[in-house]
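*Asks:* Would you mind keeping the following structure in view while I ask a few things?
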Amino acid sequence: MKHKIATVIASPVIFDLEATAKKCCDIINEAADKGASLVVFPETFLPMYPWWIWMAVDNVKRLELYERLAGESVDVHGDVFKSICYQARRRNIHVVIGINEIGGDTLYNSQAFIDNRGDLIGLRRKLVPTGEERTLWGRGDGSDLLVLDTEIGRLGGLICYENSMALSRYALYSQGLQIHVANWPGSNFKSQPRDRTRTIDTVCRFIAFEGQTFVVASSSCIGEEEVRFYHQLCPELKDTFAVGGGIAAVYNPFGEPVGTPMTDQEGIVYADLDLGDIRKAKHMIDCVGHYARPDVARLVIDDGSKRPVTGFSNTRPQPVSFEFDD
Numbered sequence: 001m002k003h004k005i006a007t008v009i010a011s012p013v014i015f016d017l018e019a020t021a022k023k024c025c026d027i028i029n030e031a032a033d034k035g036a037s038l039v040v041f042p043e044t045f046l047p048m049y050p051w052w053i054w055m056a057v058d059n060v061k062r063l064e065l066y067e068r069l070a071g072e073s074v075d076v077h078g079d080v081f082k083s084i085c086y087q088a089r090r091r092n093i094h095v096v097i098g099i100n101e102i103g104g105d106t107l108y109n110s111q112a113f114i115d116n117r118g119d120l121i122g123l124r125r126k127l128v129p130t131g132e133e134r135t136l137w138g139r140g141d142g143s144d145l146l147v148l149d150t151e152i153g154r155l156g157g158l159i160c161y162e163n164s165m166a167l168s169r170y171a172l173y174s175q176g177l178q179i180h181v182a183n184w185p186g187s188n189f190k191s192q193p194r195d196r197t198r199t200i201d202t203v204c205r206f207i208a209f210e211g212q213t214f215v216v217a218s219s220s221c222i223g224e225e226e227v228r229f230y231h232q233l234c235p236e237l238k239d240t241f242a243v244g245g246g247i248a249a250v251y252n253p254f255g256e257p258v259g260t261p262m263t264d265q266e267g268i269v270y271a272d273l274d275l276g277d278i279r280k281a282k283h284m285i286d287c288v289g290h291y292a293r294p295d296v297a298r299l300v301i302d303d304g305s306k307r308p309v310t311g312f313s314n315t316r317p318q319p320v321s322f323e324f325d326d
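Here full-length UniProt numbering is used: the first residue of the sequence shown is 1, the next is one more, and so on.
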């Protein structure tokens with residue numbers, strides 16, 4: 001089975017949910033025009049990744065920024081998110097997008113999986129927000145280790161450094177994962193002694209090889225508007241926060257790029273996937289099949305949804321179906 005997919009490297013319209021959603025719809029149109037069956041967007045692309053959590057911002061300012069972000073975040077039952085679902089339906093394309101999700105009064109770093117009928121078929125929350133991210137987002141649970149049956153194959157994913165969690169990856173592989181979506185934030189923010197773009201590339205190559213699966217990497221890049229905002233917020237950043245960063249790429253089940261990755265600039269990478277290549281890779285290594293040793297080591301999953309109060313009928317947000325006036 002063969003499919004053309006599209007993966008995006010782009011900068012959001014910061015603190016503007018409606019404008020960023022419109023940008024998403026334009027990109028969905030462009031990908032569909034090129035014949036793509038799936039388009040993937042970066043981590044928390046709606047409405048932005050909050051880089052200020054890694055900066056020297058005092059608690060008063062952090063609260064102000066948090067409230068501003070929450071006011072522009074995503075209600076998956078709301079009209080703005082519905083506009084993206086409608087575009088997926090109208091253009092007959094699957095969409096995976098990173099969102100700041102409003103769940104009650106808590107924000108979550110979530111992946112939204114939308115099928116080509118415009119239905120939200122999967123919504124998962126980052127299991128472990130990384131470092132300073134824990135001051136902003138709540139956590140997911142075992143129910144978020146999901147793989148979805150779609151017309152383009154078995155689709156799942158992890159967010160950013162979740163992709164380093166070996167047992168979470170293995171849980172997805174065990175469900176017959178064929179297309180793994182890895183959403184990331186990308187930037188030239190030199191706050192740590194590492195190259196973010198190289199890290200994304202290395203991790204995604206390994207997941208493809210380890211799981212014998214296709215991997216689709218999408219990350220944001222930093223635009224001029226965002227640089228100006230952060231330079232005003234923290235003038236001491238100087239040359240440590242610059243335009244660019246990020247990568248969009250697709251990797252085959254042997255860990256090699258399909259097509260040419262794109263870095264440091266906005267754009268869309270297209271790749272033709274042949275799911276038959278997965279079987280070729282698994283002939284040598286099937287990490288959840290003939291290359292496993294369950295007599296030596298096994299993974300036990302608790303896939304239940306964990307809530308602070310149980311016994312009421314209200315549950316986690318379920319897949320959402322909208323009514324559209326076509």
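We put the beta carbon where it would ideally sit given N, CA and C, even for glycine.
Once DSSP output is grouped into helix, strand and coil, what is the label at G103?
*Replies:* Strand, per DSSP.
*Asks:* Which class does F45 belong to by DSSP, given the choice of helix, strand or coil?
*Replies:* Note: F45 maps to coil in three-state DSSP.
*Asks:* In the DSSP assignment, find the unbroken beta strand (DSSP E) run with N59 in it and report its ends.
*Replies:* No beta strand (DSSP E) contains N59, which is instead part of the alpha helix (DSSP H) from N59 to G71.
*Asks:* If W184 sits next to P308, beta carbons under 8 Å apart, how far is it from one beta carbon to the other, in whole angstroms?
*Replies:* About 30 Å; that fails the 8 Å criterion.
*Asks:* Consult DSSP for G211 and reduce its assignment to one of helix, strand or coil.
*Replies:* Three-state DSSP puts G211 in a helix.
*Asks:* Helix, strand or coil: how does DSSP classify L123 here?
*Replies:* It is a strand residue.
*Asks:* Here's the rule: buried if 16 or more other CB atoms are within 10 angstroms of the residue's CB, otherwise exposed. What is G78?
*Replies:* Counting Cβ neighbours within 10 Å, G78 comes out exposed, since fewer than 16 surround it.
*Asks:* Sorry if obvious, but does the Cβ on A249 come closer than 6 Å to a heavy atom of the ligand FMN?
*Replies:* With respect to small molecules bound, the structure shown includes none, and the ligand FMN cannot be examined in it.
*Asks:* Determine the closest residue to R117 out of R298, A182, S83 and Q212, with distance taken between C-alpha atoms.
*Replies:* For R117, the nearest C-alpha among the options comes from S83.
*Asks:* Given T20, which residues of its chain have a CB within under 6 Å of its CB, disregarding the five upstream and five downstream residues?
*Replies:* Counting only Cβ-Cβ distances below 6 Å, and skipping sequence neighbours, we find P12, V13, L46 and P47.
*Asks:* Considering Cα atoms alone, identify which of F324, I9 and F206 is closest to I28.
*Replies:* Among F324, I9 and F206, the Cα nearest to that of I28 is on I9.
*Asks:* Tell me which residue opens and which closes the beta strand (DSSP E) that V269 is part of.
*Replies:* That run of the beta strand (DSSP E) goes G267 to D274.
*Asks:* DSSP state of V128, grouped into three classes?
*Replies:* Note: V128 maps to coil in three-state DSSP.
*Asks:* Count the other C-beta atoms from every protein chain shown that fall within 10 angstroms of the C-beta of D144, then say buried if there are 16 or more, exposed otherwise.
*Replies:* D144 should be labelled buried.
*Asks:* What residue range is occupied by the uninterrupted beta strand (DSSP E) comprising Y251?
*Replies:* From DSSP, the beta strand (DSSP E) with Y251 extends over I247 to Y251.
*Asks:* Apart from the five residues just before and just after F324, which ones in its own chain have a Cβ nearer than 7 Å to its Cβ?
*Replies:* Same-chain partners within the cutoff: Y86, R89 and G118.
*Asks:* Have a look at E18 and L120 and give me their C-alpha separation to the nearest angstrom.
*Replies:* Going by the C-alpha atoms only, they are around 19 Å apart.
*Asks:* Which of the three DSSP states, helix, strand or coil, is assigned to K4?
*Replies:* Note: K4 maps to strand in three-state DSSP.
*Asks:* Would you mind reading off the limits of the beta strand (DSSP E) that contains L177?
*Replies:* Run containing L177: none; DSSP gives neither H nor E here.
*Asks:* How would you label A249, buried or exposed, when you count the other beta carbons within 10 angstroms and need 16 or more for buried?
*Replies:* The residue is buried, with at least 16 neighbouring Cβ atoms inside 10 Å.
*Asks:* My understanding is that G211 touches L177, with C-beta atoms under 8 Å, so please give their C-beta distance in whole angstroms.
*Replies:* Yes, G211 and L177 are in contact; Cβ-Cβ is about 6 Å, under 8 Å.
*Asks:* Grouping DSSP H, G and I as helix and E and B as strand, with all else coil, what is V288?
*Replies:* In the structure shown, V288 sits in coil (DSSP, three-state: anything other than H, G, I, E or B).
*Asks:* Of all the CB atoms in chain D, is at least one closer than 7 Å to the CB of E30?
*Replies:* The structure shown has no chain D; it contains just one protein chain.
*Asks:* If you check the beta carbons only, do G267 and N188 fall under 7 Å apart?
*Replies:* Not a contact, by the Cβ cut-off of 7 Å.
*Asks:* Taking all protein chains shown into account, do 16 or more other C-beta atoms lie within 10 angstroms of the C-beta of H290, making it buried, or fewer, making it exposed?
*Replies:* Its Cβ having fewer than 16 others within 10 Å, H290 is exposed.
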